[in-house]
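What follows is a single structure, written as structure tokens, with notes after it.
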Amino acid sequence: MIEITLNDRLGKKIRVKCNEDDTIGDLKKLVAAQTGTRAEKIRIQKWYTIYKDHITLEDYEVHDGANLELYYN
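Take a look at the structure:
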């Protein structure tokens, strides 16, 4: 289990526990459950790289304690 922190730049930081073999789509579903927004409206990125739903966290080299950016479409 790893813990990822997502910052939406609006004053909300969300901590999510997940596995490294989970996809970005799975991560979006966990974030949607905590924030109350739909998973389709969430965009996760790091700098200018927008993470795609079908790729795993391990492939993006997201490890324990990583900070990602959370945007609402």
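Counting from 1, one number per residue, gives the positions in the sequence shown under full-length UniProt numbering.
C-beta atoms are modelled at their ideal positions from N, C-alpha and C, and glycine is treated no differently.
Computed from a prediction, not measured in an experiment: that's the story for all the values here.
Point to revise | Reduced DSSP category for Val16 - H, G, I as helix; E, B as strand; rest coil | key: Here the question's residue 16 lines up with position 16 in the sequence shown. Strand at Val16.
Check your understanding: Where does Leu27 sit, in a helix, a strand or coil, going by DSSP?
Key -> Taking the first residue of the sequence shown as position 1, residue 27 is located at position 27. Looking at Leu27 - three-state DSSP - the assignment turns out to be helix.
Practice item. Could you check if Lys17 is buried or exposed, using at least 16 other CB atoms within 10 Å of its CB as the buried criterion? Key: What you label residue 17 is simply residue 17 of the sequence shown in a count that begins at 1. It is exposed - the Cβ of Lys17 has fewer than 16 other Cβ atoms within 10 Å.
Review point. Taking just the CA atoms, how far does Asp22 sit from Asn7?
Key: In the sequence shown, the residue the question calls residue 7 occupies position 7. In the sequence shown, the residue the question calls residue 22 occupies position 22. The alpha-carbon atoms of Asn7 and Asp22 are separated by roughly 19 Å.
**Study point:** C-alpha gap between residue 98 and Asn73, whole angstroms
**Key:** Outside the modelled stretch of the chain, which goes from 1 to 73, sits residue 98, for which no answer is possible.
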